[in-house]
Each structure stands twice: as C-alpha cells, then as structure tokens.
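Participant: If you read the sequence shown in numbering that gives the first Met the number 0, its first letter stands for residue 0, the second for the next number, and so on. Glycine is no exception: its CB is placed at the ideal position from the N, C-alpha and C atoms. So that we are looking at the same thing, I have put the structure below in structure tokens.
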Amino acid sequence: MLTLGIETSCDETAAAVLDDETVLSSIVSSQIDIHKKYGGVVPELASREHLKNLIPIIREALAAASVSLTDINLIAVTYTPGLIGALLVGVSAAKAIAYARGIPFIGVHHGEGHILAAHIEYPGIGYPYIALLVSGGHTALYHVRGLGDYRMLGQTRDDAAGEAYDKVAKLMGLEYPGGPVLDRLAQAGNPESIKFPRGHLAGYDFSFSGLKTAVRNHIALFMSKDRGIDPKLRKEDVAAGFQAAVVDTLVGKTMQAAAETGVDKIVVAGGVAANSSLRARMKDEAEKRSITLYLPGMFYCIDNAAMIALAGYLHYRRGETSNLDLNPRASMPL
Ligand code: KG4
Ligand code: ZN
0 MLTLGIETSC DETAAAVLDD ETVLSSIVSS QIDIHKKYGG VVPELASREH
50 LKNLIPIIRE ALAAASVSLT DINLIAVTYT PGLIGALLVG VSAAKAIAYA
100 RGIPFIGVHH GEGHILAAHI EYPGIGYPYI ALLVSGGHTA LYHVRGLGDY
150 RMLGQTRDDA AGEAYDKVAK LMGLEYPGGP VLDRLAQAGN PESIKFPRGH
200 LAGYDFSFSG LKTAVRNHIA LFMSKDRGID PKLRKEDVAA GFQAAVVDTL
250 VGKTMQAAAE TGVDKIVVAG GVAANSSLRA RMKDEAEKRS ITLYLPGMFY
300 CIDNAAMIAL AGYLHYRRGE TSNLDLNPRA SMPL
C-alpha cells in the first residue's frame, strides 16, 4: 500500500512516499531563507512558495521512491493547524490528486503527525506513552493510549516553547528561526551564570512568557538607544540560562506526567525535540527512572511529510478516510 504524504502547514513544503509504514522517500524544502529577512514567517509569502514548489517536491518524492503517481493508493495531507493559506495549497493539491485518480484521501492533524513520527524509527513502540509535543506552534503533554486517543494533560498558557526560542533570539538580534541558533550559542555559555525564572504552574500547564520578559529585562540592561546591544552582554550565557529554564520545565513536567500516570515510555516530538540540551536531559532523567525514551531523529523532529503519511496510513488502515469537502482549519485541538 503506497501513501503519498503532503505537508504545507508553515514554512516547509514537504512530500513523502510510504510503503505501508516504511518510508521510501521524504523530501523537505525549507523556505527559511525567504522568511529570514523578515524575522519570522510571512504567511502570504509562505502560501506563494508552497504553490510554486509543491508539485516539483511531489515529483521529487515520487522519483526518489521509484514510483509514479499511478502507483499511489492513498493521499494524506496536513489540514490543521497552521497558516490557513499555506494549508490550503497542500489540501487543494491532495484533494485534486485523490479526485483525479479516484483514490482515498485523508486529512491529518499536524500535531498527531509529530507524535506519530516516533513510530517511523520505532515501529514496535506500542501504547501507552507520554508524548511531549514541543514545536513553534505547540507545547503540550499527552497521555497517548492508542492511535487517535490523545488525552491532553496540559499545554502552554501563552507562548509555545519554539515560539519563545524564536522571540528570545529576535530580542538578541539573532537569526530566524531562533531555536537552532540559541541551541548552538548555549553550548558555549554557562547555564548557571544567569538564573532565569521557571514558570511554576500547577499541574501540567506551561508558561514561557514570564521567562521571555525576564530575558528581555536582562538584555535591556545592556541596551542603549544609539549604540544598540553592548558587547559586554554575554549572549552565550543568556542563551544557556534561557535554555536551562526551558529544558528544566519541559523535562520536569514530562517526568512528573510519566510518574503520575504510571507510564514507562516517553516520546518527545516537534521541532524543539531537535534541541541538544533537551535531548540530553531527557535521556539522563529517563534512564534514572528506567523509562524508555523515544526520540525521533532530527529529520523527523522538524516538519516533514513522512510523519503525515504515516498518521494518514494508520488511520486509513482502521477504515477512516476524509471527504473531499474537508477544508483546512487554522487551529483545532488534537
Ligand atoms: O515542528 P516545527 O518544525 O514547526 C512547527 O510545527 O512549529 O518546529 C519549529 C520550531 C521553531 O520555533 C524552531 O525555533 C524550533 O522548532 N527549533 C528548535 C531547534 N530546532 C528547531 N528549538 C530549540 N532548539 C533547536 N535545536
Ligand atoms: Zn511542526
């Protein structure tokens, strides 16, 4: 059974081909260079880039899998959440192909795709597990009891973790996206030298806006109107201190969720799961508790279409499909 997956929810145009659960090809074309100069994703530019690139990317994915469009049995596409114009490009293409070829079509929640990305490299993972979904748009903890059974334990009340990374990087005059840049910078800094506050919310909710303000206030001490940021500001230490605060909170709540639900498996998913410190701390803490940790490889942490194809295929196998009147939605709970 061959599934073509399509992902256009934000600034990556992606297509992938799966043979059952095996990835035959996964092509990701990032628009980062286009959005970089604006310090964030410009929705209209993103839509236009998807429009220009999607068909060539689909062709590339088919060629890399050595299959043709006539071999495809199912089309899976991200239909929510994301930038509405960007989603519309992928959903329209998916519907058109499915209709023209007379094959089934299924809409996938982007967040579910991220969580199930762990199943690509660990097909035998099994349920239940705790999933920490951390990306530019989400920060949430789920008790995953089966396919499609995601009990949300908590989520961010303000910024997503990736969003906080991007905003803090911007405050420091660093490039978009801020996550990878701050991650690299933090490795050269001392996480103890500036102690930023941790958001202490009861339960499993997160908050990163207070931390962001604390970083802004710290940077303000080194800012002057005419000379910009004083070189005395230790950007490495700010990055390390900020990262330590984010990672402490994410790891702490995830371990607490595993303990309180009695679950001994953890999946970390989404773009921020590519963070070196988060990966290292999760590994340490999981090991201490005899918890099995499933960390997707970097390629499957960031946006890709293989995870969308897999999620679509798994639902299809249970007899689910979407109607061709499915429309993209800017937001929708998982
Ligand atoms: O999952 P993703 O590719 O797109 C969304 O669905 O949002 O995640 C993108 C987010 C961005 O905010 C980016 O800064 C962050 O993931 N990110 C990282 C790292 N790599 C990407 N954050 C921290 N450390 C990283 N190494
Ligand atoms: Zn994503």
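Residues in the same chain with beta-carbon distance under 6 Å from Ala238, minus the five sequence neighbours each way, listed in chain order, please.
Facilitator: Once the five neighbours on either side are set aside, the close Cβ partners of Ala238 are Leu181, Leu184, Ala185, Gly188.
Participant: Along the alpha helix (DSSP H) that carries Phe241, what are the first and last residues, could you check?
Facilitator: Residues 234-260.
Participant: Give the straight-line distance between the Cα atoms of Glu6 and Val107, rounded to the nearest whole angstrom.
Facilitator: Glu6 and Val107: Cα-Cα distance of roughly 9 Å.
Participant: I need the residues with a C-beta less than 5 Å from some heavy atom of ligand 1; please give them in chain order.
Facilitator: The filter returns Ser134, Gly135, Gly136, Gly161, Tyr164, Asp165, Pro176, Gly178, Pro179, Asp182, Gly269, Gly270, Val271, Ala273, Asn274, Ile301, Asp302, in chain order.
Participant: Please tell me whether, using a cut-off of 8 Å, the distance from the CB of His34 to the nearest non-hydrogen atom of ligand 2 is below it.
Facilitator: No, the Cβ of His34 stays beyond 8 Å of every heavy atom of ligand 2.
Participant: For a test of the three-state rule: what should DSSP assign to Phe205, helix, strand or coil?
Facilitator: In this structure, Phe205 counts as strand in the three-state DSSP scheme.
Participant: Am I right that Ile265 and Tyr128 are in contact with their C-beta atoms under 8 Å? What's the rounded C-beta distance?
Facilitator: Sure, about 6 Å apart at Cβ, within 8 Å.
Participant: Enumerate, from N- to C-terminal direction, the unbroken beta strand (DSSP E) stretches of 3 or more residues contained entirely within the region 266-297.
Facilitator: Entirely contained in the region 266-297, the beta strand (DSSP E) runs reaching 3 residues are, in chain order, 291-293.
Participant: Where Ala201 and Ala213 are concerned, what is the direct C-alpha to C-alpha distance, given to the nearest angstrom?
Facilitator: If I take the Cα positions, the gap works out to 20 Å.
Participant: So the alpha helix (DSSP H) Val27 belongs to, where does it begin and stop?
Facilitator: Run containing Val27: none in the alpha helix (DSSP H); it sits in the beta strand (DSSP E), 21-29.
Participant: Work out the CA separation of Leu292 and Gly177 for me, nearest whole Å.
Facilitator: Cα to Cα, Gly177 sits roughly 26 Å from Leu292.
Participant: Assuming Ile105 and Ser321 are in contact, meaning their beta carbons sit under 8 Å apart, how far apart are those beta carbons, in whole angstroms?
Facilitator: Indeed they touch by this definition, with Cβ atoms about 5 Å apart.
Participant: Pull up the distance between the alpha-carbon of Pro252 and that of Ser67, whole angstroms please.
Facilitator: Rather than Pro, the amino acid found at residue 252 in this sequence is Lys. Looking at the two C-alpha atoms, the distance is approximately 45 Å.
Participant: Helix, strand or coil for Leu44 per DSSP?
Facilitator: Three-state result, Leu44: helix.
Participant: Measuring CB atoms only, is the region 255-272 touching the region 222-241, in the sense that at least three cross pairs come out at less than 8 Å?
Facilitator: No, they do not touch.
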